[in-house]
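Step one of this worksheet: look at the structure below.
There are 2 protein chains.
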Amino acid sequence: MQTFKQPNRSEWKKLLARPVIDAAALEQKVKTILNEVKTGGDASVKFFTKQFDGIALDDMLVSEAEINDAEKELSIELKQAIQQAANNIRRFHEKQVSEVEVIETMPGVQCWRKSVGIEKVGLYIPGGTAPLFSTLLMLSIPAKIAGCKEIILCTPPSNMASFPGTDTGGGKIHPAILFAAKTVGVTKIFKAGGVQAIAAMAYGTQTIPRVYKIFGPGNQYVTCAKQLIQKDGIAIDMPAGPSEVAVYADDTANPAFVAADLLSQAEHGIDSQVVLIVSRESIAVSVEKEIEKQLARLPRKEIAAKALENSKIIVVKDEAEAIDVLNEYAAEHVILSCANADLVAEKIINAGSVFLGNYSPESVGDYASGTNHTLPTNGYAKAYSGVSVDSFVKKITYQKLTEQGLKNIGKTVEVMAAAEGLEAHKNAVSIRLKG
Amino acid sequence: MQTFKQPNRSEWKKLLARPVIDAAALEQKVKTILNEVKTGGDASVKFFTKQFDGIALDDMLVSEAEINDAEKELSIELKQAIQQAANNIRRFHEKQVSEVEVIETMPGVQCWRKSVGIEKVGLYIPGGTAPLFSTLLMLSIPAKIAGCKEIILCTPPSNMASFPGTDTGGGKIHPAILFAAKTVGVTKIFKAGGVQAIAAMAYGTQTIPRVYKIFGPGNQYVTCAKQLIQKDGIAIDMPAGPSEVAVYADDTANPAFVAADLLSQAEHGIDSQVVLIVSRESIAVSVEKEIEKQLARLPRKEIAAKALENSKIIVVKDEAEAIDVLNEYAAEHVILSCANADLVAEKIINAGSVFLGNYSPESVGDYASGTNHTLPTNGYAKAYSGVSVDSFVKKITYQKLTEQGLKNIGKTVEVMAAAEGLEAHKNAVSIRLKG
Chain A
430 MQTFKQPNRS
440 EWKKLLARPV
450 IDAAALEQKV
460 KTILNEVKTG
470 GDASVKFFTK
480 QFDGIALDDM
490 LVSEAEINDA
500 EKELSIELKQ
510 AIQQAANNIR
520 RFHEKQVSEV
530 EVIETMPGVQ
540 CWRKSVGIEK
550 VGLYIPGGTA
560 PLFSTLLMLS
570 IPAKIAGCKE
580 IILCTPPSNM
590 ASFPGTDTGG
600 GKIHPAILFA
610 AKTVGVTKIF
620 KAGGVQAIAA
630 MAYGTQTIPR
640 VYKIFGPGNQ
650 YVTCAKQLIQ
660 KDGIAIDMPA
670 GPSEVAVYAD
680 DTANPAFVAA
690 DLLSQAEHGI
700 DSQVVLIVSR
710 ESIAVSVEKE
720 IEKQLARLPR
730 KEIAAKALEN
740 SKIIVVKDEA
750 EAIDVLNEYA
760 AEHVILSCAN
770 ADLVAEKIIN
780 AGSVFLGNYS
790 PESVGDYASG
800 TNHTLPTNGY
810 AKAYSGVSVD
820 SFVKKITYQK
830 LTEQGLKNIG
840 KTVEVMAAAE
850 GLEAHKNAVS
860 IRLKG
Chain B
430 MQTFKQPNRS
440 EWKKLLARPV
450 IDAAALEQKV
460 KTILNEVKTG
470 GDASVKFFTK
480 QFDGIALDDM
490 LVSEAEINDA
500 EKELSIELKQ
510 AIQQAANNIR
520 RFHEKQVSEV
530 EVIETMPGVQ
540 CWRKSVGIEK
550 VGLYIPGGTA
560 PLFSTLLMLS
570 IPAKIAGCKE
580 IILCTPPSNM
590 ASFPGTDTGG
600 GKIHPAILFA
610 AKTVGVTKIF
620 KAGGVQAIAA
630 MAYGTQTIPR
640 VYKIFGPGNQ
650 YVTCAKQLIQ
660 KDGIAIDMPA
670 GPSEVAVYAD
680 DTANPAFVAA
690 DLLSQAEHGI
700 DSQVVLIVSR
710 ESIAVSVEKE
720 IEKQLARLPR
730 KEIAAKALEN
740 SKIIVVKDEA
750 EAIDVLNEYA
760 AEHVILSCAN
770 ADLVAEKIIN
780 AGSVFLGNYS
790 PESVGDYASG
800 TNHTLPTNGY
810 AKAYSGVSVD
820 SFVKKITYQK
830 LTEQGLKNIG
840 KTVEVMAAAE
850 GLEAHKNAVS
860 IRLKG
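As they're listed, the protein sequences go chains A and B.
Numbering-wise (my numbering), the first sequence opens with residue 430 and increments by one.
Numbering-wise (my numbering), the second sequence opens with residue 430 and increments by one.
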């Protein structure tokens, strides 16, 4: 990690800049696959599944039997953990449901707003060695609470002979994903991954239904596909970038804990962003020593080491400056390992999720505290929120006026419409008041 | 208007499809202007203002004096109407502020969510003969309530010698816009329009500050510019399309009222989308007769007539089918001129804003009922909401665990992290529990 001692404010922007990822190079490739699936439907999805995942499928829909069998492959411990996490996530997200309140803005003019679940949503969970069943919980639980009627899941079939620690593999979905899907009530699960899965959900195929909004992480091809289908009117959860954490540590921080938090971010991928902000340089030195110790024991140490190479330590002159750096960086995850974490947290205005104190590691939020782990990266936290029940609803507004209500508000509307040069707008009121 | 009698369900999609607007043709032009402003700053913005608006400006920032003078140009009637509308909009949007509630998902695990205003937002109001001061109210009032610190406005300077009914004109902003801006507390107003204004707010210039999210309507160039700057990480309110209304009228509807509502939508532009759904064909006949009568008297009759040419009347077999058509079309505005509007409204799942009964014309929502008039068009209402206070905040999540809380949740996190193959995530918990 590179250390910057009290860098000048004018240098912050450059110092905290994320690497620019140029998707233009992929765009043509991705467009081709999107178009193929749009016209070719199921056959095209299967073709690309064979080509990219090496799996030839007859049926993409995961059967009831496969879903029920999954349970047998998992330890009781893991099933309990998934259920506990689901409970916490449910408890937190249930409070995000907003009640309808009718507001009489003027006598006889009633207005209200109602949240209605997006009818059809698609969730995408990538494949690979690590089955991201936690992400499935984070997406499907708020979708259920929101009242989405059709919640479909696309995830690629595995090309491993068998998943580690299980008797199942090749051409299947990891049992932890199937179990999580069943636990939360996902409607339908399809064996499809990558750009072809995004295309299938965006345009619909004979088997995979078209949805109105697509959620979930993915590699740069999936990210690019999600960006492109937006132009065709399909909504997406949010723009994506590599995962990131910013930790602020003062003298009360435990260097071993801080090191563990930085490493847990770094192990995600070589492009993971890790920033450590310290009030004194000696804290950084202790943390770095701890990183060295812990890194050696990690199975994903090569990845973590690579990510740390690009990581930065910033020594600030005081807490106020630490807060300013954090707000300028606008991290996906902010960990406050400092004396007065509550007060500092109140001053954070740009962040995805904030972790307060020495006993709130990021990994509790990644899995089970109850908050959502699908969060804005890449500085998007300046304008975007993480996924919540809000992400799965539209908030429709309503108004109902009595005849007297229209009389009360009529003049205002007529005068404004006339001033904007819209006589027909004015007339829609006048004709009713004449009646 | 073309009438379709009980069309087959399989034809609905085609019948209700919006015209496809191909932005690709503009894209290169728009990209060029975006890039020019990105590198050229103020000088480039002024260059394009001269080129497109025909106005040479020394200073883009509207002075205090100009803002204060605006008041004198307006009738008391209009000022009162603007203030009344602002009050109603404020009253409705204030209730959208959500309180912080701490949720203990497990003993010792506290989670909460806080809405924080997006620090810097940019509003765009187009120029032309009709000054859209109502849109300024609709955007700036929720921005203020959300707590946005910097709310800037870009709107092109007029090239008219003088605004109709005023003593001010050439190179100025319409006084109604300046008055509305002052009423609601917009921070800074700049004379800049079109793609160059969007670019200035997205990238910042010497004079115009960079913002994190851009709101507001515009022509196809502005719409295209907003789409493109999204790729650079600047958020936008929502994708845009031509304005639209769907009216459902049964025997209790007043044909003159319905005609007035359809015309008020049609006068927006020749691309306005108007759909009338009726339970009996005779209702449509009466409405069309009324349209003919009212149309002749409208100043914007050519525009309205053009829009109506592409408009559709759909005769449905019953109310249930009417509701299905409305949900399939997912209109920006839905007017329910029917007997049991409340019951029908409950079954609407795709709409921007709904107007219930015979005394709730769309124009009350456009100006003054209190609901927002920046709404999803083009079928986006299936996945998007209109602008609200939500649009101007990020909802940051927080978690704070006690040592005991971490003990309670620790095992769950460790088991899940291990199952996802993320040992460093597990270790961030284990190292704290060992301590």
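For each residue, glycine too, the CB sits at the ideal point set by N, CA and C.
Computed from a predicted structure; not experimentally measured.
Listed in chain order, the non-local C-beta contacts of A:K735 below 7 Å within the same chain comprise I699, local neighbours out to five positions each way being set aside.
Taking the Cα positions, A:V745 is about 29 Å away from A:I450.
For B:F784, the enclosing beta strand (DSSP E) starts and ends at 782–785.
For a Cβ distance threshold of 7 Å, nothing in chain B lies close to A:P571: the least Cβ distance comes to about 12 Å. Residue-level contact check: A:S740 does not touch chain B, since none of the beta carbons of chain B fall below 8 Å from its beta carbon. Judged by DSSP in its simplified three-state form, B:E761 adopts coil rather than helix or strand. For the options A:H522, A:P448, A:K543, the alpha carbon positioned closest to that of A:I532 is the one of A:K543.
Under the DSSP assignment, B:E673 falls in the beta strand (DSSP E) whose first and last residues are 673–678. Around the beta carbon of A:T806, 16 or more other beta carbons sit within 10 angstroms, so the residue counts as buried.
Counting along the chain, B:S820 sits inside no alpha helix (DSSP H), nor does DSSP assign it H or E at all.
Around the beta carbon of A:L862, fewer than 16 other beta carbons lie within 10 angstroms, which makes this residue exposed.
By the Cβ neighbour-count rule, A:E791 is buried, with 16 or more other Cβ atoms within 10 Å of its own.
Looking at the DSSP output, B:A770 bridges to nothing. Where A:Y809 is concerned, there is no enclosing alpha helix (DSSP H), because DSSP gives it neither an H nor an E. Among the residues facing chain A, B:V844 is included, as its CB has a counterpart in that chain under 8 Å away. Per DSSP, the unbroken beta strand (DSSP E) holding A:K434 starts and ends at 431–434.
In the structure shown, B:G622 falls within a coil segment according to DSSP collapsed to helix, strand and coil. Among the residues facing chain B, A:C540 is included, as its CB has a counterpart in that chain under 8 Å away. Under DSSP, A:A664 takes part in a beta bridge, and its partners are A:K642. Listed in chain order, the alpha helix (DSSP H) runs fully inside the segment 546–610 of chain B are 562–575, counting runs of at least 4 residues. It is roughly 32 Å from the alpha-carbon of A:E721 to the alpha-carbon of B:Q539. Among the residues of the segment 614–644 of chain A, those with a Cβ less than 7 Å away from any Cβ of chain B are Y641, K642, in the order of the chain. Just so you know, the alpha carbons of B:L691 and A:V858 end up roughly 13 Å apart. About 4 Å separates the Cβ atoms of B:A760 and B:A675, confirming a contact at the 8 Å cut-off. Among the residues of chain B, those whose CB is under 7 Å from the CB of A:R520 are I532, T534, following chain order. Within chain B, no C-beta atom comes less than 8 Å from the C-beta of A:Y677; the nearest is roughly 14 Å away. Spatial neighbours of B:K617 in its own chain (CB-CB distance under 6 Å, excluding positions within 5 residues in sequence) are listed in chain order as I581. One thing to note: A:L463 has its Cβ within 8 Å of the Cβ of A:I658.
In chain B, no part has a C-beta under 9 Å from the C-beta of A:Y553; the shortest such distance is about 16 Å. For the 8 Å CB-CB criterion, B:E696 and A:L851 form a contact.
Counting of Cβ neighbours within 10 angstroms places B:E440 among the exposed residues, the total staying below 16. With respect to B:M489, B:T597 sits apart: the two C-beta atoms are not nearer than 8 Å. Taking 9 Å as the Cβ-Cβ cut-off, the segment 783–797 of chain B approaches chain A at V783, F784, L785, G786, N787, Y788, S789, P790, E791, S792, V793, G794, D795, Y796, A797, given in chain order.
Contact between A:V716 and A:P684 holds, since their C-beta atoms are separated by about 5 Å, short of 8 Å.
Spanning the alpha carbons of A:A453 and A:V529 requires a straight line of approximately 44 Å.
For A:R542, the beta-bridge partners assigned by DSSP are A:T826.
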